[in-house]
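If you're matching positions, the sequence shown starts at 0 in numbering that gives the first Met the number 0 and goes up one per residue. Where is the CB? At the ideal position from N, CA and C, for every residue including glycine.
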Amino acid sequence: MTEPVRGADRPPPRGGVTRRGVLGAGLAVAAAAGLGAWRWRPWSDGGSGATTGGTWSRPDVRRSAAGVLDTRLTARAGVHELAGARVQSLAFEGGHPGPTLRVAPGDTLKIELVNELDEPTNLHVHGLQVSPGAPGDDVFTLVQPGASRTYEYDLPTDHPTGVFWYHPHAHERVADQLWAGLCGAIVVCQDPAADESSTGERVLVVTDVTLAGDAVAAVSQRDRMNGREGDLVLVDGQSEPVLEGAPGATETWYVVNACCSRYLSLRTDGDLAARCVARDQGGLDAPLALEDLVVPPGGRAVLEVDVGDGSVRLVPVDRGGMGGMGGTGGMMGGSGGGTDGSVRLLSVVTADAVPAPSTRVDAPAALGDLRDRPVAVRRTLTLASGMGGGMGGGMRFTVDGAMFDPDRTDQAVILGDVEEWTVRNTSSMAHPFHLHVWPMQVLVDGAGDVTEPRWLDVVDVPAYGEVVVRVSFDRFPGRSVYHCHVLDHEDLGMMGVVEVG
Ligand SMILES: [Cu+2]
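Right, here's the structure in full:
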């Protein structure tokens, strides 16, 4: 709980990229001309027959009624449609992604998780402000093969609207199970019954994967240490889908970064325009240009979109790499490559025959500000990764020098306290820091002081950088976790336990 001196004892930035980076978030968006290592990688679909450019289809939707959504998610291995091909994979309810769950603040969400996999799994509702204790968002309990478990989440009546998501959280298996297909979106909105085509809402769950033949590819130990990134970047399980819209309409897009490790930096081209009006938790004071937005894995963005013919492109994001092990990010398969190293994520085509949305949803309201609240406790958490220890002498991924132990409590917090956490990263690659249950207000990010109220549940901690966040540990006593949302790193141990009581 010492107060660190920012800027001390820090190695110089790599490759001449300043620590502040090109973006405010402190991540460098690689310019193709500036970094020789960035190169185009052609499609690597392993002959799976992945197809590109089909018409976008909306994931199945399940809605609450009279304050309750009571549903079942069956996790199963089998042949499912992915990237336009039939692929051996995992799926919730047979879909990539699983069904979108639409609920309102104050609702009860009940999910019976049925495990038809041949390995343990469980469920985490990422970003929801709900109790971490059973039967709520308890990630410590596993659901064994053939078993089922019913989770019940009571959303507070003032729960922020916006987009959240669900995925398994069985330690040491999280990245593999998400990579193979297990995820889905949760939309918290004032009117779950509303027809999304009439409100102009679209859920875009972004995942990445590599295929080998007709199956999801296995990954190497090196991929795990760097954090795996797939050759294919998919939207709702589709490769470069085509979204049909009404020219001049305004839509609301809920973008979920459900990639295991990939950071998303988005751009639009043509007559398509978009700005971010809300991030993980609550709305922004002022819309954010896409150039100023990087969505780390696990993070979300609510976009207000001016519909026109054009595309959304992905710009490579350099998140650093293990010394001597090669870099990460930036190399993507796909078509329509641009001079900035970007690839097309999706296209929009307009047609007068497409009906315009008849209403619009309100942007999420902003959350309050903790900067004027007294701080009860200040802590420093250190994320580290380096050689040594572990089986085979591989990399160790730790928080405060320790690998995850579910039986150990790393941070004991008094219910109701506001705490200030400095999260430091002593390694050569970025680690996105995720805290379950309690949202974080970012005071200092990788680029410096944050002046507006910014509420996230995944905060990027740049290589050799640090961030400062405040958290109000109110309402929800219990045990939960914080971890790196490069999910391979979480599986390799970069996770700790917080107990609030
Ligand atoms: Cu990490």
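So, with DSSP's three-state summary, where would you put Gln-220? helix
Simplified DSSP assignment, three categories, for Gly-500: coil
According to the neighbour-count rule (16 or more other Cβ atoms, all chains shown, within 10 Å of its Cβ), is Leu-231 buried or exposed? buried
Within the present structure, is the beta-carbon of Met-494 separated from the nearest heavy atom of ligand 1 by less than 7 Å? no
Output yes or no for whether 8 Å exceeds the beta carbon distance between Glu-243 and Arg-201. no
Range covered by the alpha helix (DSSP H) that runs through Trp-178: 173 to 178
Cα-Cα separation between Tyr-152 and Val-204, rounded to whole angstroms: 22 Å
Local conformation of Glu-92 per DSSP, three classes: coil
First and last residue of the alpha helix (DSSP H) that includes Glu-195? Note, Glu-195: alpha helix (DSSP H), 195 to 198.
Can you tell me which of Phe-472, Val-294 and Leu-271 puts its alpha carbon nearest to the alpha carbon of Thr-206? Val-294
With hydrogens ignored, establish whether the beta-carbon of His-433 is closer than 7 Å to any heavy atom of ligand 1. Not a single heavy atom of ligand 1 lies less than 7 Å from the C-beta of His-433.
Anyone know if the C-beta pair for Met-321 and Met-394 falls short of 8 Å? yes
State yes or no: is the C-beta of Val-485 nearer than 7 Å to some heavy atom of ligand 1? yes
Cβ of His-488 within 7 Å of any heavy atom in ligand 1? yes
Beta-carbon proximity check, Val-187 vs His-166, cutoff 8 Å: no
Pick from Gly-298, Gly-297 and Glu-290 that is closest to Leu-313, judged by C-alpha positions: Nearest Cα to Leu-313 within the set Gly-298, Gly-297 and Glu-290: Glu-290.
Going straight from the alpha carbon of Arg-148 to that of Ser-56, what length do you get? One Cα belongs to Arg-148, the other to Ser-56, and the distance between them is close to 30 Å.
Backbone CA spacing between Ile-185 and Trp-454 [nearest angstrom]: 18 Å
Determine the DSSP secondary structure at Asp-490, reduced to helix, strand or coil. helix
Am I right that Phe-163 and Val-138 are in contact with their C-beta atoms under 8 Å? What's the rounded C-beta distance? That pair is no contact at about 15 Å.
Backbone CA spacing between Trp-437 and Trp-178 [nearest angstrom]: 26 Å
Between Ala-74 and Asn-114, how many whole angstroms is the CB-CB distance? I'm expecting something under 8 Å. 6 Å
Any chain B beta carbon closer than 8 Å to Gln-128: Chain labels in this structure do not include chain B; a single protein chain is all it has.
Could you check whether the Cβ of His-123 sits closer than 7 Å to any heavy atom belonging to ligand 1? no
Let me know the secondary structure DSSP gives Leu-154 once reduced to three states. coil
Name the one or two DSSP bridge partners that Met-428 has. Gly-319
Measure the C-alpha to C-alpha separation of Gly-25 and Ala-462 and round it to an integer number of angstroms. Because Gly-25 carries a pLDDT of 35, less than 50, the predicted location of this residue cannot be relied on, and no value is offered for it.
I'd like to confirm something about His-430: is its beta-carbon nearer than 7 Å to some heavy atom of ligand 1, or not? The beta carbon of His-430 sits closer than 7 Å to at least one heavy atom of ligand 1.
Give me, in chain order, the residues of the same chain whose beta-carbon lies closer than 7 Å to that of Glu-111; leave out the 5 immediate sequence neighbours on both sides. So the qualifying residues of the chain are Arg-71, Ser-147 and Thr-149.
Have a look at Leu-233 and Leu-344 and give me their C-alpha separation to the nearest angstrom. Roughly 7 Å separates the two Cα atoms.
Pull up the distance between the alpha-carbon of Asp-501 and that of Ala-273, whole angstroms please. Because the chain in this structure spans residues 0 to 500, residue 501 falls outside the shown range and cannot be described.
According to DSSP, is Glu-451 helix, strand or coil? coil
Our contact map puts Pro-96 next to Gly-236 with C-beta atoms below 8 Å; I'd like the distance itself, whole angstroms only. 6 Å
If I follow the unbroken beta strand (DSSP E) through Trp-252, where does it start and stop? 249 to 256
Once the 5 residues before and after Leu-181 are set aside, which same chain residues still bring their CB inside 8 Å of it? Answer for Leu-181: Ala-74, Leu-89, Ala-90, Phe-91, Gly-97, Thr-120, His-166 and Pro-167, listed in chain order.
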